[in-house]
Structure formats: C-alpha cells, structure tokens
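Participant: The structure follows.
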Amino acid sequence: MSRFALCDDGPSLQTALLALSQSTILAFDCEGKNLGQEGGKLSFITLRSIDPVSSNPEACLIDVVKLAQEYLRPIFDLLENEKVQKVVFDGRMDSSCLLHDYGVRLKNVVDLQLADVKSRAYQSLERRMVQFPRWISRFDVLQNRDRYEQIYKLFGLEQCAEEHGVIERRKSIMGRGWNAL
1198 MSRFALCDDG PSLQTALLAL SQSTILAFDC EGKNLGQEGG KLSFITLRSI
1248 DPVSSNPEAC LIDVVKLAQE YLRPIFDLLE NEKVQKVVFD GRMDSSCLLH
1298 DYGVRLKNVV DLQLADVKSR AYQSLERRMV QFPRWISRFD VLQNRDRYEQ
1348 IYKLFGLEQC AEEHGVIERR KSIMGRGWNA L
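Numbering (our numbering), first residue to last: 1198 to 1378.
What follows is the structure, encoded as structure tokens:
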C-alpha cells in the first residue's frame, strides 16, 4: 500500500474524493510559490483522513496546476463543508490563497499552531520568558508585565511537537542549529 495517492487527472481525483468524502476529520496543507501573497500560485493541496476509523490511510496529493478548474470544485466543497473538521498547522497563507484566488471560505478549521499558542496561555510569564528573543531583556519583561502578558512566540511544527511531548527534544551539539537526536 502506498503512503500517498497523486491526483493529477479526473479519475484519480474521483477515487480520492470517494475516500475523503467519508471522513469527518481531514488534515490539509497547501503548497505553492509565494502562497497567499499577490501573484502567488497554488500548486498542491494535500488532504488526508485522520478519522480514528478511517479506511484510507493515504494522503491525497492534488496537483492543482495540472487539474482543470472544474475538477477542483468538489475539493473546495469539502474544505467549505462545516460537517468536516479540517486540521492544519499555520494555515494563514493557505486560507488567504484559497479565499482570494478561488473564493473558498474554509469552515470548521483547527489550526494546531494557534492551539499551541492557546495552550501556553496557561503558563506563567516567567516560563514563557525563555521563549522570547534574546534582545528582549528579562528585566524589561518583569518590570512591564502588562506589556508582555499577551505576547507569544509562534513555534514551528517541530518545536510545537517537542513542547507538547509528541517527539523527543533534540540535543544541540554546537548550539547554533546543529542538532542530533
């Protein structure tokens, strides 16, 4: 069994849609050049059922460039379907692209990056201070708590997974981006 299905023509997309339309929870991501920016171009949409009882473990890689516009409408309908929960990580540019270029309004979306930020709202400011950039002095933070109470650093996917114990933290060898497990 393959780990993904490339959907670059009508029949392959129809097969994927049959499986995806049975799902109530979909992970999704968009890829492209300058996605969500003026002049940007969407290239791929990846969708995968993450229902606990899903019969289709494949990720569907939808080639937006190759497919004709009329083939994409059922995918967009799925993304707009309020009954299907969509899970994304940092979906800002994905959402912007889909809305401004295709008129697609995502519905029932959980952005895991925002969930991470919300989870840190329960941490003390002192705990969160270690996540602030070095150029923000600890003294300033402690002296001006009200300015910093609602400031959170946005983490990437790997750092979020480490923070929440999903993956083991990497140990730095050199302290400057050289990591080893």
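In this text, a Cβ means the ideal position worked out from N, Cα and C, and glycines have one as well.
Exposed or buried, residue 1375, counting other C-beta atoms within 10 Å across all chains shown (16 or more means buried)?
Facilitator: In this predicted model, residue 1375 has a pLDDT of only 43, less than 50, meaning its place in the structure is not dependable; the value taken from the coordinates is given anyway. Its Cβ having fewer than 16 others within 10 Å, residue 1375 is exposed.
Participant: Any idea what DSSP makes of residue 1365, helix, strand or coil?
Facilitator: In the structure shown, residue 1365 sits in coil (DSSP, three-state: anything other than H, G, I, E or B).
Participant: Buried or exposed, going by whether 16 or more other CB atoms sit within 10 Å of the CB of residue 1210?
Facilitator: buried
Participant: How big is the Cα-Cα spacing for residue 1226 and residue 1296?
Facilitator: 14 Å
Participant: Buried or exposed: residue 1286, going by 16 or more other Cβ atoms within 10 Å of its Cβ?
Facilitator: buried
Participant: DSSP on residue 1337, reduced to helix/strand/coil?
Facilitator: Reduced to three states, the DSSP call for residue 1337 is helix.
Participant: Thinking C-beta only, is residue 1205 closer than 8 Å to residue 1274?
Facilitator: no
Participant: Determine the direct distance from the alpha carbon of residue 1223 to that of residue 1366, and round the result to whole angstroms.
Facilitator: 27 Å
Participant: Excluding five sequence neighbours on each side, which residues of the same chain lie with their C-beta closer than 8 Å to the C-beta of residue 1202?
Facilitator: For residue 1202, where only same-chain residues beyond five positions count, the Cβ hits under 8 Å are 1209, 1212, 1213, 1255, 1256, 1257, 1258.
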